[in-house]
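Just so you know, the sequence shown maps onto residues 1 to 113 in my numbering. All residues carry an ideal CB built from backbone N, CA and C; glycine is no exception. Beneath this line is the structure, given in structure tokens, with notes to follow.
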Amino acid sequence: MSRPGVFAQMGGAFVASLGNVEIELTIAGVVQAPLRGIFRSVRDTDLINLEGIAAEGIRYTLAIQGNLIDAVRQGDMVKILESDDSKNVGDVFEIAGHVDDGRAMKRLLLQDH
């Protein structure tokens, strides 16, 4: 994806300031060099509503500098190598989807693998 030049360094600045994990990304079966990212886990309720019973779950997202991962696709994998809070280290996630902001960042929607 072509990104406006004004945003060229913005993704790196976001990750340098807010990044909390080092990850290993596997794209089309090829392991990429480690990257810094912004990992979030959010507890959600009402993910589904089956016969009046609300479900609760955790949603995982990972934001990475967009121009570094333009080839990423649904089904690729993410492994947490290091975490600032020592949580989720070694966890592996499948990329369920991704959203590109068209500027500096790409947000990966993750599911447990």
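Same chain, Cβ closer than 7 Å to residue i, neighbours up to 5 away in sequence not counted
{"i": "G37", "result": "V15, G19, V21, I23, L62, A63 and I64"}
{"i": "T45", "result": "A54 and E56"}
{"i": "G90", "result": "I80"}
Unbroken beta strand (DSSP E) run spanning residue i, endpoints
{"i": "V89", "result": "V89 -> no beta strand (DSSP E), and no H or E assigned at all."}
{"i": "E56", "result": "I53 to Q65"}
Sequence-distant residues of its chain with Cβ nearer than 6 Å to residue i (five each side left out)
{"i": "D84", "result": "N20"}
{"i": "R40", "result": "T61"}
{"i": "R107", "result": "T61, A63 and V99"}
{"i": "R59", "result": "V42 and D44"}
{"i": "E82", "result": "E22"}
{"i": "Q32", "result": "L25"}
Residues bridged to residue i (per DSSP)
{"i": "I23", "result": "L35 and I80"}
{"i": "M111", "result": "Checking the displayed sequence, the identity of residue 111 turns out to be Gln instead of Met. Q111 pairs with E94."}
{"i": "D44", "result": "G57"}
{"i": "D100", "result": "K106"}
{"i": "V30", "result": "I27"}
Range covered by the alpha helix (DSSP H) that runs through residue i
{"i": "A13", "result": "M10 to L18"}
Whole-Å CB distance - residue i paired with residue j, under 8 Å assumed
{"i": "A96", "j": "Q74", "result": "7 Å"}
{"i": "K79", "j": "V92", "result": "5 Å"}
{"i": "G66", "j": "G11", "result": "6 Å"}
{"i": "L109", "j": "V72", "result": "Between V72 and L109 the Cβ distance is about 11 Å, and since that is not below 8 Å, they are no contact."}
Cut-off 8 Å between Cβ atoms - residues of its own chain near residue i, not counting five sequence neighbours on either side
{"i": "H113", "result": "M77, V92, F93 and E94"}
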